[in-house]
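Colleague:
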Amino acid sequence: MRPGSRFLSVVRTLTILAPPKGKTFASCCDPNLQLGVYYKNERINELIKGRRIQDAQNLFDQMSARDSITYNLLISGHGRYGNPKQALYLYKEMVSQGIKETGPTFSSVITVCGNEGFYAEGVQVHCRVISLGFGLNLFVGSSLVNLYLRMGLVDVAWKLFDQLPQRNLAVWNLMLNGFLELGKLEELFVLHGQMRWEGVEPNGLSFCYLIRACCNGRFLDQGKQLHCHVIKVGWVEFNDFVANALVDFYSACGIFIDARKAFLLIPVEDVISWNSIISVYAENDLLFDAIELFSRMHFWDKKTFHSFLFGALGLIQ
DNA sequence: CTAGGGTTAG
1 MRPGSRFLSV VRTLTILAPP KGKTFASCCD PNLQLGVYYK NERINELIKG RRIQDAQNLF
61 DQMSARDSIT YNLLISGHGR YGNPKQALYL YKEMVSQGIK ETGPTFSSVI TVCGNEGFYA
121 EGVQVHCRVI SLGFGLNLFV GSSLVNLYLR MGLVDVAWKL FDQLPQRNLA VWNLMLNGFL
181 ELGKLEELFV LHGQMRWEGV EPNGLSFCYL IRACCNGRFL DQGKQLHCHV IKVGWVEFND
241 FVANALVDFY SACGIFIDAR KAFLLIPVED VISWNSIISV YAENDLLFDA IELFSRMHFW
301 DKKTFHSFLF GALGLIQ
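Next comes the structure, spelled out in structure tokens:
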């Protein structure tokens, strides 16, 4: 037997206990305990993906040791599936137990704060972001941009956005959406100009926001330009949302003919486009056409709200 | 093993 071979066999048995890929022994003081956490985290992840958030919470409650990933999974799960308060509670518990936040923690928590109106809490978490040095993280930064836009603090959002070391389409779209919701249409078009200046190509969602801005502001010329561009790039054929936005734009601007043209070009009419075009017919006093379209829609087995039809019937009487 | 952006009107 060669010297050292016994040692090798011991090492081989040890590898059975080897930590999962990407981990080293140095990062686990107690391999067995840590492995337990790892596999339970995986299970929690599966449960949340299957939308079984309560089961995930039960498993979480039974765990004797938890790490930041355990908390991140549950925080984002509760945030996504409608339990924002629980998400914030878990975040508080996590911090008070001395478990350090990571990027995903901040990103989930701040998104919850922004979307559910916990603005004061969101600003507090922003302080933690700064003191722990996560301010330049793209995900964290975009959740902060979203938070301040929802608060209506446009200047702060601009500043954070400008300071981001890199940007992707999601952040640009968050900005566009924020300005649209706040009715800051000028800012929105400034941002669009900046996109073009930096050579960022908008996607279908960006064009939805831009066209809706033209719709709300009745910017006929600008909307037509967008329409041309969108046709050239090919979004109308592939994106129902864009096509619907065009129908709404023309009907808002009172250009009935173009609204109808835009409707006819929609590849697969969904409920929304039917709603839009029926309301356009009704608004233009083409009541019988509206009703005819409504019955055609039933023929295609489309389900919709009946309000437009009732509106049209009311006008006839 | 974890984090982000969606259409209508009423």
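So for the first sequence, this note's numbering puts the first residue at 1; every next one is plus one. Note that beta-carbon positions come from the ideal geometry of N, C-alpha and C, so glycine has one too. Predicted, not measured: the structure shown is a model, and the values here were computed from it.
(1) Apart from the five residues on each side of it in sequence, which residues of its chain come closer than 8 Å, Cβ to Cβ, to residue 218?
(2) Check whether the Cβ atoms of residue 56 and residue 75 lie closer than 8 Å to each other.
(3) Residue 228: buried (16+ other C-beta within 10 angstroms of its C-beta) or exposed?
(4) For the alpha helix (DSSP H) that contains residue 198, what are its first and last residues?
(5) Tell me whether the region 41-48 and the region 62-74 touch, counting them as touching only if at least three CB pairs, one residue from each stretch, are closer than 8 Å.
(6) Cβ of residue 61 within 8 Å of Cβ of residue 99?
(7) Taking the continuous alpha helix (DSSP H) assigned at residue 221, which residues delimit it?
(8) Check each candidate in 63, 90, 237 and 113 and name the one with the smallest Cα separation from residue 40.
(9) Is the Cβ-Cβ distance between residue 178 and residue 134 less than 8 Å?
(10) Per DSSP, what kind of secondary structure is residue 64 in: helix, strand or coil?
(11) Beta carbon of residue 279: closer than 7 Å to some heavy atom of the ligand GTP?
(12) Would you mind sorting residue 212 into buried or exposed? The rule is 16 or more other CB atoms within 10 Å of its CB.
(13) Start and end of the alpha helix (DSSP H) containing residue 124?
(14) Return the Cβ separation of residue 209 and residue 173 in integer angstroms, given the expectation that the two are a contact with Cβ distance under 8 Å.
(15) Within its chain, find whatever has a CB closer than 6 Å to the CB of residue 150; leave out the 5 residues flanking it on each side and keep chain order.
(16) Taking the alpha carbon of residue 77 as the reference point, which residue from 181, 111 and 120 has its own alpha carbon closest?
(17) Given a cut-off of 8 Å, decide if residue 245 and residue 273 are closer than it, judged by their beta-carbon atoms.
(18) How is residue 84 classed by DSSP in three states: helix, strand or coil?
(19) Between residue 207 and residue 235, is the Cβ-Cβ spacing less than 8 Å?
(20) Please report how far the alpha carbon of residue 291 lies from the alpha carbon of residue 278, in whole angstroms.
(21) Can you grab the Cα-Cα spacing for the pair residue 196 / residue 297, in whole Å?
(22) Round the Cβ separation of residue 216 and residue 185 to the nearest angstrom and send it over; I've been treating them as touching at under 8 Å.
(23) Find the nearest neighbour of residue 194 within the set 238, 161, 121 and 280, judged by alpha-carbon distance.
(24) What does a CB cutoff of less than 6 Å around residue 248 pick up in its chain, not counting 5 residues either side in sequence?
(25) Just curious, the alpha helix (DSSP H) that residue 217 is in, first and last residue?
(26) Can you check which of these residues, 132, 241, 128 and 119, is closest to residue 153 by C-alpha distance?
(27) I'd like to know whether the C-beta atoms of residue 233 and residue 256 end up nearer to each other than 8 Å.
(28) Since residue 171 contacts residue 145 with CB under 8 Å, what's their CB separation in whole angstroms?
(29) Determine, using beta carbons only, whether residue 176 and residue 188 come nearer to each other than 8 Å.
(30) Buried or exposed: where does residue 143 fall if 16 or more other Cβ atoms within 10 Å of its Cβ makes it buried?
(31) Since residue 101 is in the alpha helix (DSSP H), which residue starts that stretch and which ends it?
(32) State the DSSP-derived secondary structure class of residue 293, mapped to helix, strand or coil.
Modeller: By the coordinates alone:
(1) Taking the first sequence and counting its residues from 1, one reaches residue 218 at position 218. So the qualifying residues of the chain are 252 and 253.
(2) The residue labelled residue 56 in the question sits at position 56 within the first sequence. The residue labelled residue 75 in the question sits at position 75 within the first sequence. In this structure, residue 75 does not lie closer than 8 Å to residue 56 by Cβ.
(3) Mapped onto the first sequence, residue 228 falls at position 228. Its Cβ having fewer than 16 others within 10 Å, residue 228 is exposed.
(4) Counting from one through the first sequence, the residue named residue 198 turns up at place 198. Per DSSP, residue 198 belongs to no alpha helix (DSSP H) and is neither H nor E.
(5) yes
(6) As a position in the first sequence, residue 61 is number 61, starting the count at 1. As a position in the first sequence, residue 99 is number 99, starting the count at 1. For residue 61 and residue 99, no; Cβs fall outside 8 Å.
(7) Along the first sequence, read from residue 1 onward, the residue named residue 221 stands at position 221. Start and end: 220-233.
(8) Numbered from 1 along the first sequence, position 40 holds the residue referred to as residue 40. Minimum Cα distance to residue 40 is reached at 63.
(9) For this step, residue 178 is matched to residue 178 along the first sequence. For this step, residue 134 is matched to residue 134 along the first sequence. In this structure, residue 134 does not lie closer than 8 Å to residue 178 by Cβ.
(10) Here residue 64 refers to the residue found at position 64 when the first sequence is read from its first residue. The answer is coil: DSSP assigns residue 64 none of H, G, I, E or B.
(11) In terms of ligand content, the structure shown is empty, and the ligand GTP therefore cannot be addressed.
(12) Working through the first sequence from its first residue, we reach residue 212 at position 212. It counts as buried.
(13) As a working note, residue 124 is residue 124 in the first sequence. Where residue 124 is concerned, the enclosing alpha helix (DSSP H) stretches over 119-132.
(14) Locating residue 209 in the first sequence gives position 209, counting from the first residue. Locating residue 173 in the first sequence gives position 173, counting from the first residue. Indeed they touch by this definition, with Cβ atoms about 7 Å apart.
(15) Here residue 150 refers to the residue found at position 150 of the first sequence. Within the same chain, residue 150 has close Cβ partners 114.
(16) By 1-based counting over the first sequence, the position of residue 77 is 77. Checked all of 181, 111 and 120; the closest Cα to residue 77 is 111.
(17) As a position in the first sequence, residue 273 is number 273, starting the count at 1. As a position in the first sequence, residue 245 is number 245, starting the count at 1. Their beta carbons are not under 8 Å apart, which means residue 273 does not touch residue 245 by this criterion.
(18) Here the question's residue 84 lines up with position 84 in the first sequence. Helix at residue 84.
(19) Residue 207 sits at position 207 when you count from the first residue of the first sequence. Residue 235 sits at position 235 when you count from the first residue of the first sequence. Yes, they are a contact pair.
(20) The sequence position of residue 291 within the first sequence is 291, counting from 1. The sequence position of residue 278 within the first sequence is 278, counting from 1. Cα to Cα, the separation comes out at about 8 Å.
(21) The residue given as residue 196 occupies position 196 in the first sequence. The residue given as residue 297 occupies position 297 in the first sequence. Between residue 196 and residue 297, the C-alpha separation is close to 40 Å.
(22) One-based indexing of the first sequence puts residue 216 at position 216. One-based indexing of the first sequence puts residue 185 at position 185. Between residue 185 and residue 216 the Cβ distance is about 7 Å, and since that is below 8 Å, they are a contact.
(23) The count along the first sequence starts at 1 and reaches residue 194 at position 194. Among 238, 161, 121 and 280, the Cα nearest to that of residue 194 belongs to 161.
(24) Reading the first sequence from its first residue, position 248 is the one you call residue 248. Result list for residue 248: 215 and 276, in chain order.
(25) For this step, residue 217 is matched to residue 217 along the first sequence. Residues 204-217.
(26) As a working mapping, residue 153 is identified with position 153 in the first sequence. For residue 153, the nearest C-alpha among the options comes from 119.
(27) Locating residue 233 in the first sequence gives position 233, counting from the first residue. Locating residue 256 in the first sequence gives position 256, counting from the first residue. Against a cut-off of 8 Å, the Cβ pair of residue 256 and residue 233 comes out as no contact.
(28) As a working mapping, residue 171 is identified with position 171 in the first sequence. As a working mapping, residue 145 is identified with position 145 in the first sequence. Going by Cβ atoms, the distance from residue 171 to residue 145 rounds to 6 Å, so yes, they are a contact pair.
(29) Residue mapping note: residue 176 aligns to position 176 of the first sequence, counting from 1. Residue mapping note: residue 188 aligns to position 188 of the first sequence, counting from 1. Yes, the Cβ-Cβ distance between residue 176 and residue 188 is below 8 Å.
(30) The residue labelled residue 143 in the question sits at position 143 within the first sequence. By the neighbour-count rule (16 or more Cβ atoms within 10 Å), residue 143 is buried.
(31) As a working mapping, residue 101 is identified with position 101 in the first sequence. Segment: none, residue 101 is in no alpha helix (DSSP H) and carries neither H nor E.
(32) Translated into positions along the first sequence, residue 293 becomes position 293. Residue 293 carries a helical assignment under DSSP once its states are collapsed to helix, strand and coil.
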